Amino acid sequence: MDIINVSNLYVKYAARKKYNMAVNGVSLDIKEGESAAIAGESGCGKSTLASALLKLLPENAQVSGNVMLDGIDVFAAGEEQLRKIRGNTAGMIFQDPGASLNPLFSVKQQIEEAITAHFGKTEKEELKRKSLELLSDAGITDAQRVYNSYPHQLSGGLQQRVMAAIALSCGPKILIADEPTTALDVTVQAQIVELLKKLKEEHKLTLLLITHDLHLANALASRIIVMYAGKIAEDGAVKSAKTALHPYTAALFKIIPSLDSPKRHFEVIPGEVASAEHNGNFCAFSPRCPYADDRCRSEKPELKEVKPGHFVRCFYPGGKK
Amino acid sequence: MKRYILKRLLLAVPVLFGITLITFFIIHLTPGGFTAVNMQMDIRTSPDSIERMRHLYGLDKPVISQYIDWFGRTITFNFGESFIDHRPVLHKVAERLPATLLLNILSLALVFFFGVILGVISAVKRNTAVDKIITVFTFIGYSIPTFWLALILMLFVSVKAGLLPVSGMVSIDFDYMTLPQKIGDLLSHLVLPLIVTSIGGLAYISRFVKSGMVEALSQQYVRAAYAKGLSRKTVLYRSALKNSLLPVITLLGMSVPGLIGGSFIFETIFAWPGMGRLAYESALSFDYPVIMGVVTMGAVLTLLGNLAADIAYAAVDPRIRYK
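Sequence order for the protein chains is A and B. Taking my numbering, the leading residue of the first sequence gets 22, the next gets one more, and so forth. Taking my numbering, the leading residue of the second sequence gets 64, the next gets one more, and so forth.
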């Protein structure tokens, strides 16, 4: 059964007399227990999509389409139902854990307010026992100290672990991780990746990872959804540039710097990121695509299933030429 | 924390010393002086009697030794007596203080209470009609000349409509009233001065709280709080409000000296028997002991206010508490 079901999602942000399109018609199904990663450059709409799943969009956002989480229509949900979706159905962790924790409240307060928000008033002892259990579950060895700390007293890695503990405090089925390692040290990144793997197994979570880092996506997810200009460009089990069917995905793999590479400069994708506004009759990636021809510049490709379970929005899957 | 407070208190001593020193010199070096204003206007006064007067009050000594004398007396809480009516400075201040304190504490409470409420409403209902009405109101409140507002209110509310007393703190027959009547009389005299003294501050604080709240609401932790499944009420009034009130603590600390300072303009317009007028009158007549007494008390309160604000800050913000 599909636990996440997005159909025809459009999100635009109102800005002085016009709208900026962020998500331009995305449909997506994610099965229970699956780990999927949404990848793409900044501005491709991946974070907007993640926020839309929990209706966490800013006030100036306008949405159309449909999002179902575990059978509940998110956009039609009232405040109380929405509260249940956030926390009980899906937990979320964010990019910068230091900014995601309220600086004026202790870890104890922030984790316990999440528990009481969903389970109602709970006895003090029970709250504490539960919080400590969640913290050690999130790989924190000195849970007691962290429990009594304030966010600024913790390292970035510990802060992200606390965020994970909070996100899982109400037993969600889905964990949405929006760039969970971006603000962290490389060594800490690896630890958080291990933690997310472990939590996914132990809690039988459906994991939705939002990232610009295809390595990270591959480390955590079996399915990669690449977005470009507010649309899905490729969706499937892509492991490397060779298995990528969309030239954009291949390019994203190629620009990852490698220590073994003899090259002394970074690869880049030429040109600018297309805005999701783009509605012309051509492929949004064609201006930057090495394989683009007249057809790409005069016709709009649709998302097609090229192999079983592998979709791509390109006339020449695999960059055949 | 105790060490911090002690350190701050010790540091306050040289600051206080500096404030009094500078004030003392400015007042004593101002052209004119006590004898010039109070005696030389009268052509019958002989130079000899002026000299005797200067000697009597110690004004013939060098300013520095006058300061040392004054300082020596003041640290024993002896502020001396007024040159004009020879009543102890402390008595004169004690007489005027209640009126000023009553007006200013009420005004401060009103300003912060309603300022925070208006600011929060404005931020939460941003870009709605409610927000725009509050914005217009605060804009007018902030830019209106308060002395003019005072006169207009007196004219329309008190003189033309006769709803409230024009000026003063109590009516002439106050002493013959029963207690409830006394309270009613005092309150009716308080209304206009309170409105006039509060309106500017109210506008200021509400703008301040609004921007703090808008800023807090745009923070990632607010989004994270929603993502946890907290209700809108909890997010607004627990997660965001506390953060937006941090700067207000500083403002509150800065308002403490204003509590006894009073405002000369309002006190004169409303014939309010407060500290502002006392300070002004004594400055005009070069009544050195009274001026210095008022200044010293103001300086002490300023320093204590700042200290209190810092302590309150630490109490609210763990980032300062556990440094």
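Quick reminder that beta carbons are idealized off the backbone N, C-alpha and C, glycines included. All of these numbers come straight from a predicted model, not from anything done at the bench.
Euclidean distance between Cα positions of residue i and residue j
i, j, result
"B/Phe142", "B/Ala99", "23 Å"
"B/Asp123", "B/Arg117", "6 Å"
"A/Ala211", "A/Leu241", "11 Å"
"A/Val327", "A/Ser170", "52 Å"
"A/Ile245", "B/Arg382", "40 Å"
"B/Ala377", "B/Gly339", "33 Å"
"B/Phe349", "B/Ile374", "38 Å"
"A/Val209", "B/Thr86", "59 Å"
"B/Ile203", "B/Ala75", "38 Å"
"B/His149", "B/Tyr300", "55 Å"
"B/Ser128", "B/Arg107", "31 Å"
"B/Ser261", "A/Lys151", "49 Å"
"B/Pro352", "B/Ile215", "37 Å"
"B/Ser294", "B/Leu73", "46 Å"
Buried or exposed by the 16-neighbour rule on C-beta atoms within 10 Å, applied to residue i
i, result
"A/Met22", "exposed"
"A/Lys342", "Only weak support is given to the placement of A/Lys342: the predicted model assigns it a pLDDT of 48, under 50, and the question is left unresolved by the model."
"A/Val207", "exposed"
"A/Ser28", "exposed"
"A/Gln181", "buried"
"B/Lys155", "buried"
"B/Pro77", "exposed"
"A/Ser319", "exposed"
"A/Ala186", "buried"
"A/Glu80", "exposed"
"B/Leu265", "buried"
"B/Pro243", "exposed"
"A/Pro193", "buried"
"A/His236", "exposed"
"B/Met217", "buried"
"B/Arg66", "exposed"
Cβ-heavy atom distance, residue i to the ligand GTP, below 8 Å
i, result
"A/Gly178", "Looking at this structure, you won't find the ligand GTP or any other ligand, since it has none at all."
Same chain, Cβ closer than 6 Å to residue i, neighbours up to 5 away in sequence not counted
i, result
"A/Ala262", "Ala271, Phe274 and Lys275"
"A/Ala198", "Ile114 and Leu230"
"B/Thr83", "Thr359"
"B/Ile197", "Leu181 and Ser185"
"B/Arg270", "Thr201"
"A/Ser85", "Tyr31"
"B/His91", "Val126"
"B/Ala213", "Val259 and Ile332"
"B/Ala371", "Gly316"
"B/Phe140", "none"
Same chain only: Cβ atoms within 7 Å of residue i, ignoring 5 sequence neighbours per side
i, result
"B/Gly368", "Gly316, Met317, Val319 and Pro320"
"A/Pro291", "Arg309"
"B/Trp335", "Ala162, Leu166, Met232, Pro256 and Phe329"
"A/Ala43", "Val32, Lys33, Tyr34, Gly66, Thr69, Gly251 and Ala297"
"A/Leu216", "Ala159, Gly160, Arg182 and Ala185"
Partners in chain B for residue i, counting only beta-carbon separations shorter than 8 Å
i, result
"A/Pro124", "Tyr284, Asn306, Asp380, Pro381 and Arg382"
"A/Ser121", "Gln283, Tyr284, Arg286 and Ala287"
"A/Asp117", "Gln283"
"A/Cys310", "Correct list: empty, because the minimum Cβ distance to chain B is about 35 Å."
Where residue i meets chain A, residues with beta-carbon distance less than 7 Å
i, result
"B/Lys291", "Arg107, Gly108, Ala135, Ala138 and Ile187"
Listed by chain order, chain B residues near residue i by CB distance under 9 Å
i, result
"A/Glu100", "Ser294 and Arg295"
"A/His173", "Pro381, Arg382 and Tyr385"
"A/Cys191", "Lys291 and Gly292"
Residues near residue i in its chain [Cβ-Cβ closer than 8 Å; skip 5 each side]
i, result
"A/Glu200", "Ser68, Phe115, Gln116, Ile231, Thr232 and His233"
"A/Val183", "Pro118, Leu122, Val128, Gln131, Ile132, Leu156, Ala159, Ile161, Val167, Pro172 and Leu175"
"B/Leu226", "Val220"
"A/Met248", "Val47, Ile59, Ala60, Gly61, Cys65, Gly66, Lys67, Leu70 and Ala254"
"A/Asp50", "Asp23, Ile25, Asn26 and Val27"
"A/Val19", "It is not possible to answer for residue 19 of chain A, since the shown part of chain A is limited to 22 through 342."
"B/Gly96", "Leu122 and Phe349"
"B/Val298", "Val285, Ala288 and Tyr289"
"A/Leu148", "Glu133, Ile136 and Thr137"
Neighbouring residues, chain B, relative to residue i (Cβ below 7 Å)
i, result
"A/Met89", "By Cβ distance, chain B contributes nothing, its closest Cβ being about 18 Å from A/Met89, past 7 Å."
"A/Leu75", "Ala290"
"A/Met113", "Ala290"
"A/Arg104", "Gly292 and Ser294"
Interface residues of chain A facing residue i [CB-CB closer than 8 Å]
i, result
"B/Ser302", "Asn123 and Phe126"
#### Entry: Interfacial residues, the segment 260-280 of chain B to chain A, with Cβ spacing under 9 Å
None of the residues of the segment 260-280 of chain B has a beta carbon lying less than 9 Å from any beta carbon of chain A.
#### Entry: Selection of the segment 258-291 of chain A by Cβ proximity to chain B, strictly under 9 Å
Cβ contacts with chain B come from no residue of the segment 258-291 of chain A.
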